[in-house]
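Here is the structure we will look at, set down as structure tokens.
In the numbering used here, the protein residues as written are 18 to 399.
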């Protein structure tokens, strides 16, 4: 049995594990192999595409999309747009709802526009002009562009009439190794209500079940594979079916739910219940500013530039677990889960908890949390 012994299933109604009998489409997965050796190098790789929160056909299958991993802070997979298909590597982001890729009409001098793959509508015979302007703001940058419609291919499955953003200005993603971003949250937060690809797949009857599952791996544990994004099903060999936990969603916007408590020893950071979202587009765990300050005080770390915690590595063996109690079940992070070490700087370590000045919103449980659990997202029984 692997470490992925628990499943977070975002619905109230339990599903049986013998219901999914559709075919499976698998593609080999791999990692980016270069790892950060210093804190400065790590900050250069750290990308948090956090959206600023506003507070059927006859074919039914399961579809697997491979994920790549860059320094455990960027998980992304391959998509294709147009006919013939143009290939892009996109971040898999459950914290936003829009799909965007750089456009051949890019007008700025950003690294993304200069060096990344770009969609060229003139090369696609299935392109349909839309033209509506769109701007998407993230915690670490923004994207400006316009909508277009074309065929989207995930694994070997074609999604017709998929509206996406052709990005012509991309700010804040210069160190990113990905081309664009695939949003997997709900249509209600999509810009101009453009239907996200996952919900387009449901509408077109391409999925056996209206759900997707995500399995992430750490680069040090599996240098070749970043994980798997599976549409329409899950892989029960990667977890114990008897250890499934069902979590009801509190809002059908993000994959958002209520958290009972967040404890560091006897310190409870979530005294009156709080809200959190499962967000694969976020590298770390983001929390409200005051609570993140209190967390670092509780473990003896200092918050660097109001963003991320720094601690002497000699203190790490004595650090306490941090326990998230969600819908009555404890999810524990031990120091090896939430501390980052660096070969070239053995004296100082970083924590995996971050914030933004004056941020008072919900907790964002990013890849640092989700890599411990096989997670299933159900759009119907929520």
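Note that beta-carbon positions come from the ideal geometry of N, C-alpha and C, so glycine has one too.
message = Using CA atoms only, rank isn't needed, just tell me which of 298, 338 and 171 is closest to residue 284.
response = As a first step, residue 284 must be located in the chain shown, where it is residue number 267. Looking at the Cα atoms, 338 is the closest of the given residues.
key: Integer-rounded CB distance, given that residue 195 should sit under 8 Å from residue 106   = In the chain shown, the residue the question calls residue 106 occupies position 89. In the chain shown, the residue the question calls residue 195 occupies position 178. Contact flag correct, Cβ pair sits at about 5 Å.
message = I'd like the list of long-range same chain contacts for residue 273, defined as Cβ closer than 8 Å, with 5 residues on each side in sequence excluded.
response = Residue 273 sits at position 256 when you count from the first residue of the chain shown. 266, 267, 292, 293, 294 and 379, listed in sequence order.
ask   = What distance in whole Å lies between the Cβ atoms of residue 184 and residue 121, which are believed to be in contact at a cut-off of 8 Å?
value = For the purposes of this step, residue 121 is taken as the residue at position 104 of the chain shown. For the purposes of this step, residue 184 is taken as the residue at position 167 of the chain shown. At roughly 11 Å, the Cβ-Cβ gap does not stay under 8 Å, so residue 121 and residue 184 are not in contact.
Extent of the continuous alpha helix (DSSP H) to which residue 387 belongs = Taking the first residue of the chain shown as position 1, residue 387 is located at position 370. Where residue 387 is concerned, the enclosing alpha helix (DSSP H) stretches over 384–387.
query = Does DSSP put residue 265 in a helix, a strand or coil?
reply = Position 248 of the chain shown, counting from 1, holds the residue named residue 265. DSSP places residue 265 in coil when its eight states are reduced to three.
query = Can you tell me whether residue 305 is buried or exposed, with buried defined as 16 or more other CB within 10 angstroms of its CB?
reply = If you number the chain shown from 1, residue 305 lands on position 288. Per the 10 Å Cβ criterion, buried.
ask   = What whole-angstrom Cβ distance do residue 202 and residue 300 have, given they're in contact under 8 Å?
value = Taking the chain shown and counting its residues from 1, the one referred to as residue 202 is at position 185. Taking the chain shown and counting its residues from 1, the one referred to as residue 300 is at position 283. About 17 Å separates the two Cβ atoms, so there is no contact after all.
ask   = What are the boundary residues of the alpha helix (DSSP H) that includes residue 215?
value = One-based indexing of the chain shown puts residue 215 at position 198. Run containing residue 215: 214–220, per the alpha helix (DSSP H) assignment.
ask   = Which residue from 289, 150, 346 and 253 puts its Cα closest to that of residue 117?
value = Within the chain shown, numbered from 1, the residue matching residue 117 stands at position 100. Ranking 289, 150, 346 and 253 by Cα distance to residue 117 puts 150 first.
request  = Go ahead and label residue 94 buried or exposed: buried means 16 or more other beta carbons lie within 10 angstroms of its beta carbon, across all protein chains shown.
outcome  = The count along the chain shown starts at 1 and reaches residue 94 at position 77. With 16 or more Cβ atoms within 10 Å of its Cβ, residue 94 is classed as buried.
query = Does the Cβ-Cβ distance between residue 352 and residue 336 come in under 8 Å?
reply = Walking along the chain shown from the start, residue 352 turns up at place 335. Walking along the chain shown from the start, residue 336 turns up at place 319. It is a contact, given that the beta carbons lie within the stated cut-off.
inquiry  = Measuring only from the beta carbon, is residue 348 closer than 7 Å to any heavy atom that is part of the ligand COA?
reply    = As far as ligands go, the structure on display features none, and thus does not contain the ligand COA.
task = Please classify residue 290: is it buried, with 16 or more other beta-carbons within 10 angstroms of its beta-carbon, or exposed?
result = In the chain shown, residue 290 corresponds to position 273, counting from 1. It is exposed - the Cβ of residue 290 has fewer than 16 other Cβ atoms within 10 Å.
task = Tell whether a beta-carbon distance below 8 Å holds between residue 136 and residue 98.
result = In the chain shown, residue 136 corresponds to position 119, counting from 1. In the chain shown, residue 98 corresponds to position 81, counting from 1. A contact, by the Cβ cut-off of 8 Å.
message = So for residue 309, helix, strand or coil by DSSP?
response = Within the chain shown, the letter at position 292 stands for residue 309. Note: residue 309 maps to helix in three-state DSSP.
task = For the stretch 267–296, list the beta strand (DSSP E) runs that are entirely contained and at least 3 residues long, ordered along the chain.
result = 272–276, 278–281 and 291–295
ask   = For the alpha helix (DSSP H) that residue 347 lies in, which residues bound it at each end?
value = On the chain shown, residue 347 is found 330 positions in, with the first residue counted as 1. Here residue 347 belongs to no alpha helix (DSSP H); instead the beta strand (DSSP E) covers 346–350.
Buried versus exposed call for residue 40 [16 or more other C-beta atoms within 10 Å across all chains shown] = Numbered from its first residue, the chain shown carries residue 40 at position 23. Low per-residue confidence applies at residue 40: pLDDT is 37, beneath 50, and the placement is therefore not dependable enough to give any value.
message = Whole angstroms are fine: how far does the CA of residue 134 sit from the CA of residue 104?
response = As a position in the chain shown, residue 104 is number 87, starting the count at 1. As a position in the chain shown, residue 134 is number 117, starting the count at 1. So the two alpha carbons sit approximately 8 Å from each other.
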